[in-house]
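Numbered per our numbering, the sequence shown finishes at 521, counting up by one with no gaps. Everything on this sheet refers to the single structure shown next.
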Amino acid sequence: MGDTNRGARLIGGKVAVIIALLVCVVSGVVIYLMLAPKGPEVEPSDYPGSRYARDDAGQVWFLIPGDGYQPVEGADADTFEPVPGETGRGYVYSGLGRDRDHFYALGQRVPGVAPDSVRYLEAHYYLAGDKVYYGTTLLDGADPGTFRVFKNDGVFWNDYAHDDQRLYYQGRWISGADIPSLSRVGVEAPTLAQGHYLRDARRVYYRGRVVEGARPARFTLVEVWGEPRNILYDTHYGYDGQRYFLGDQALPGRVSDTDQALVPGGLKVLVADKSVGWHFLFYQGDTFYYHQPFTNELKTLCRRDSSAPIEVLGRGLYRDDRHVYYAWAARDYKKGRYFRGLRGWYSGLEVVPGADPDDVQLIGKHDYRMLGKTVSGDLYQSNGQRFFNPADGDRAALWGVDESDEVQPLARGHECEAYTRNPDWVGIPVFARNTLVFLAVLLLIIKGGGRFLRRVEMLKN
61 MGDTNRGARL
71 IGGKVAVIIA
81 LLVCVVSGVV
91 IYLMLAPKGP
101 EVEPSDYPGS
111 RYARDDAGQV
121 WFLIPGDGYQ
131 PVEGADADTF
141 EPVPGETGRG
151 YVYSGLGRDR
161 DHFYALGQRV
171 PGVAPDSVRY
181 LEAHYYLAGD
191 KVYYGTTLLD
201 GADPGTFRVF
211 KNDGVFWNDY
221 AHDDQRLYYQ
231 GRWISGADIP
241 SLSRVGVEAP
251 TLAQGHYLRD
261 ARRVYYRGRV
271 VEGARPARFT
281 LVEVWGEPRN
291 ILYDTHYGYD
301 GQRYFLGDQA
311 LPGRVSDTDQ
321 ALVPGGLKVL
331 VADKSVGWHF
341 LFYQGDTFYY
351 HQPFTNELKT
361 LCRRDSSAPI
371 EVLGRGLYRD
381 DRHVYYAWAA
391 RDYKKGRYFR
401 GLRGWYSGLE
411 VVPGADPDDV
421 QLIGKHDYRM
431 LGKTVSGDLY
441 QSNGQRFFNP
451 ADGDRAALWG
461 VDESDEVQPL
471 ARGHECEAYT
481 RNPDWVGIPV
491 FARNTLVFLA
501 VLLLIIKGGG
511 RFLRRVEMLK
521 N
């Protein structure tokens, strides 16, 4: 029986090596094709900050992320210049350019647009004579006399624009918008998500889509802390006083895999901090819930032995009339012999062992060495024990402090935790991954060396 198992393991190991070799060969070819020059060497500093460049042969190029430099067909290098996109806030990338006879957007010639007729607005919107464009797209019916980019946010990118009759998102017309009543949605604090939302008297919009059922007068964006601070769409949560929304989708009114219906307006956010809780955690009554963002499901996390209101003490630190709780997060990072990578994320709540909710005292600010760096935060005391609540960082919102004034992780029962599998997880064999890294570095060195030698040859000539 032992020999049989050993033989199976040997066969499995050989299969894994063969798969790894095949992955390496195919991936090596793909990496080479990705890194191989797609045209003559160009000098981006010719047109700084514009993605346009030219080479010594008189060809103009436009940099498309992921595809490299692509030729701008027909452009006259002697008279070509980027349209600067000055919006009153300094230089802003526009993707526009012109030469003596033609106008270009995102590296493509725009027919019928006189190069001197363009006035750039913002976010790829521009006026050209009596027409309005978004990139290379003509916005039919848009009125240039009243057209403007909506000032949804004074710092970040603004994708909404309108005239007196129509609303657009990234150049796409949104039918039925009430232009006179357009306004920003409410925010708990400034956030990158603001530029994706807009409202009028009847509806809320997210990335150009109607947020069905949302009440615009009450709609407010939820402030999300920790990485990625609303850069990713799975952190764009809003609330209209009755329901929560992720993007343009309402969170379900029933708990997944149960017949339990939630009371409208009764669900409350507990954790909205990606560094101490990858999931959004909610509570209603005596039950904690978590939201699965990829499937838009609301699931039971665990129950508590109280229905009393929950008080926020600090970042990821809470109490009710029975317990003190802290939030924690963890990454499911696979470190195996054959496979490695991020497989998913955990979030959880733990009762602070030995803490008395009626005897929690804030001692003051304190700095501790944690995980190789100095971290600031609040020092608490309860029932003769000290606890540290860091102001930033991930993993856990609360740590114990021992008699030698060293922070220590608190014990976890793992009875109140959630898990989401990474949808992009692919088990790449370690051998294949290391070989790919080596090939990528080698090809970069070869490519860089070739460019250096060509530059030397140019200087000699």
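Cβ coordinates follow ideal geometry from the N, Cα and C atoms, glycine included. Here the structure is a predicted model, which means the values were calculated and not measured.
1. Would you mind giving the Cβ-Cβ distance between residue 315 and residue 281, rounded to the nearest angstrom? I have them listed as a contact below 8 Å.
2. Distance, Cα to Cα, residue 222 vs residue 422?
3. Measure from the alpha carbon of residue 196 to the alpha carbon of each residue in 183, 135, 189, 168, then state which is nearest.
4. By the three-class DSSP mapping on this structure, what secondary structure does residue 464 have?
5. Taking the C-alpha atoms as reference points, what is the distance between residue 480 and residue 472?
6. Taking the C-alpha atoms as reference points, what is the distance between residue 226 and residue 202?
7. Where are the beta strand (DSSP E) runs, 3 residues long or more, that stay fully inside the segment 224 to 280, in chain order?
8. Quick check: what's the CA-CA separation for residue 110 versus residue 351?
9. By Cβ distance, which residues of its chain are closer than 7 Å to residue 505, with the 5 residues on each side in sequence left out?
10. Do you know whose CA, among 275, 286, 431, 295, lies nearest residue 303's CA?
11. Rounded to the nearest angstrom, what separates residue 310 and residue 439 at their Cα positions?
12. I'd like the list of long-range same chain contacts for residue 207, defined as Cβ closer than 6 Å, with 5 residues on each side in sequence excluded.
13. Just curious, the beta strand (DSSP E) that residue 474 is in, first and last residue?
14. Can you give me the C-alpha to C-alpha distance between residue 455 and residue 143, rounded to a whole angstrom?
15. Suppose you measure from the CA of residue 476 to the CA of residue 361; what does that come to, to the nearest Å?
16. I believe residue 336 touches residue 457 by the beta-carbon criterion, under 8 Å. Please report the beta-carbon distance rounded to the nearest angstrom.
17. Quick check: residue 449 and residue 416, are their CB atoms within less than 8 Å of each other?
18. What three-state label does DSSP hand residue 523 in the structure shown?
19. Would you grab the beta carbon distance between residue 156 and residue 178 for me? Rounded to a whole angstrom, and I think it's under 8 Å.
20. In its own chain, which residues sit with a C-beta less than 8 Å from the C-beta of residue 313, not counting the 5 before and 5 after it?
21. Mind listing, in chain order, the continuous beta strand (DSSP E) runs of no fewer than 3 residues lying wholly within the segment 102 to 163?
22. Which whole runs of the beta strand (DSSP E) in the segment 171 to 223 are 3 residues long or more, in chain order?
23. So, is residue 501 buried or exposed, given that buried needs 16 or more other C-beta atoms within 10 angstroms?
24. In this structure, how does DSSP classify residue 506 when only helix, strand and coil are distinguished?
25. According to DSSP, what are the bridge partners of residue 450?
26. Count the other C-beta atoms from every protein chain shown that fall within 10 angstroms of the C-beta of residue 437, then say buried if there are 16 or more, exposed otherwise.
27. With distances taken between CB atoms, is the gap from residue 428 to residue 435 smaller than 8 Å?
28. Can you round the beta-carbon distance between residue 137 and residue 160 to whole angstroms, since I take them to be within the 8 Å contact cut?
29. Suppose contacts are defined by Cβ-Cβ distances below 8 Å. Is residue 220 in contact with residue 258 by that definition?
30. What did DSSP end up calling residue 498 once you bin it into helix, strand or coil?
31. Please identify the residue among 273, 232, 339, 424 whose C-alpha is closest to the C-alpha of residue 198.
32. In or out: residue 229 buried (at least 16 other Cβ within 10 Å) or exposed?
33. Tell me the start and end of each unbroken beta strand (DSSP E) in the segment 293 to 341 that is at least 3 residues and wholly inside, in chain order.
34. For the beta strand (DSSP E) that residue 283 lies in, which residues bound it at each end?
35. Answer with yes or no whether the minimum CB distance from residue 207 to chain C is below 8 Å.
The structure says:
1. Mapped onto the sequence shown, residue 315 falls at position 255. Mapped onto the sequence shown, residue 281 falls at position 221. Taking 8 Å as the upper bound for CB-CB distance, residue 315 and residue 281 are not in contact here, some 24 Å apart.
2. As a working note, residue 222 is residue 162 in the sequence shown. As a working note, residue 422 is residue 362 in the sequence shown. Going from the Cα of residue 222 to the Cα of residue 422 covers about 51 Å.
3. Along the sequence shown, one-based indexing puts residue 196 at 136. Here the closest residue by C-alpha is 168.
4. Numbered from 1 along the sequence shown, position 404 holds the residue referred to as residue 464. The DSSP-derived three-state label of residue 464 is coil.
5. Within the sequence shown, residue 480 is the residue found at index 420, counting from 1. Within the sequence shown, residue 472 is the residue found at index 412, counting from 1. Going by the C-alpha atoms only, they are around 19 Å apart.
6. Your numbering for residue 226 matches position 166 in the sequence shown. Your numbering for residue 202 matches position 142 in the sequence shown. Going from the Cα of residue 226 to the Cα of residue 202 covers about 7 Å.
7. Runs of the beta strand (DSSP E) inside the segment 224 to 280: 227 to 229, 232 to 234, 257 to 259, 264 to 266.
8. Position 50 of the sequence shown, counting from 1, holds the residue named residue 110. Position 291 of the sequence shown, counting from 1, holds the residue named residue 351. Each residue's alpha carbon lies about 41 Å from the other.
9. As a first step, residue 505 must be located in the sequence shown, where it is residue number 445. Excluding residues within five positions, none has a Cβ falling inside 7 Å.
10. Within the sequence shown, the letter at position 243 stands for residue 303. Distances from the CA of residue 303 to each of 275, 286, 431, 295 were compared; the closest alpha carbon is that of 275.
11. Here residue 310 is taken as the residue at index 250 of the sequence shown, counted from 1. Here residue 439 is taken as the residue at index 379 of the sequence shown, counted from 1. Taking the straight line joining both Cα atoms gives about 38 Å.
12. Along the sequence shown, one-based indexing puts residue 207 at 147. 192, 223.
13. To locate residue 474, count along the sequence shown from 1; it is residue 414. Unbroken run through residue 474: none, as it is neither H nor E.
14. Walking along the sequence shown from the start, residue 455 turns up at place 395. Walking along the sequence shown from the start, residue 143 turns up at place 83. One C-alpha to the other measures close to 47 Å.
15. Locating residue 476 in the sequence shown gives position 416, where the first residue counts as 1. Locating residue 361 in the sequence shown gives position 301, where the first residue counts as 1. Cα to Cα, the separation comes out at about 6 Å.
16. Translated into the one-based positions of the sequence shown, residue 336 becomes position 276. Translated into the one-based positions of the sequence shown, residue 457 becomes position 397. Correct: roughly 4 Å between the Cβ atoms.
17. Within the sequence shown, the letter at position 389 stands for residue 449. Within the sequence shown, the letter at position 356 stands for residue 416. Taking 8 Å as the Cβ cut-off, residue 449 and residue 416 do not qualify as a contacting pair.
18. Any question about residue 523 goes unanswered here, given that the chain covers just 61 to 521.
19. The residue labelled residue 156 in the question sits at position 96 within the sequence shown. The residue labelled residue 178 in the question sits at position 118 within the sequence shown. With 8 Å as the limit, residue 156 and residue 178 qualify as a contact, their Cβ atoms being about 7 Å apart.
20. On the sequence shown, position 253 is the one that residue 313 refers to. Counting only Cβ-Cβ distances below 8 Å, and skipping sequence neighbours, we find 303, 321, 322, 324.
21. Qualifying beta strand (DSSP E) stretches, in chain order: 112 to 114, 120 to 124, 128 to 131, 156 to 158.
22. With a minimum length of 3 residues, the continuous beta strand (DSSP E) runs that stay inside the segment 171 to 223 are 178 to 182, 185 to 188, 191 to 194, 220 to 222.
23. Along the sequence shown, read from residue 1 onward, the residue named residue 501 stands at position 441. Residue 501 comes out exposed.
24. In the sequence shown, the residue the question calls residue 506 occupies position 446. Helix at residue 506.
25. Along the sequence shown, one-based indexing puts residue 450 at 390. Assignment of beta-bridge partners to residue 450 by DSSP yields 437.
26. Your numbering for residue 437 matches position 377 in the sequence shown. Sixteen is the threshold: when 16 or more other Cβ atoms of the shown chains lie within 10 Å of the Cβ of residue 437, as they do, the residue is buried.
27. Translated into positions along the sequence shown, residue 428 becomes position 368. Translated into positions along the sequence shown, residue 435 becomes position 375. Taking 8 Å as the Cβ cut-off, residue 428 and residue 435 qualify as a contacting pair.
28. Your numbering for residue 137 matches position 77 in the sequence shown. Your numbering for residue 160 matches position 100 in the sequence shown. Taking 8 Å as the upper bound for CB-CB distance, residue 137 and residue 160 are not in contact here, some 11 Å apart.
29. Position 160 of the sequence shown, counted from the first residue, corresponds to residue 220. Position 198 of the sequence shown, counted from the first residue, corresponds to residue 258. Taking 8 Å as the cut-off, the beta carbon of residue 220 is found closer than this to the beta carbon of residue 258.
30. Position 438 of the sequence shown, counting from 1, holds the residue named residue 498. Three-state result, residue 498: helix.
31. For the purposes of this step, residue 198 is identified with residue 138 of the sequence shown, where counting begins at 1. Nearest of 273, 232, 339, 424 to residue 198, Cα basis: 232.
32. Along the sequence shown, one-based indexing puts residue 229 at 169. The C-beta of residue 229 has 16 or more other C-beta atoms within 10 Å across all chains shown, which makes the residue buried.
33. Qualifying beta strand (DSSP E) stretches, in chain order: 297 to 299, 304 to 306, 328 to 331.
34. The count along the sequence shown starts at 1 and reaches residue 283 at position 223. Annotation for residue 283: no beta strand (DSSP E) segment contains it, and DSSP assigns it neither H nor E.
35. You won't find chain C in this structure, because it holds only one protein chain.
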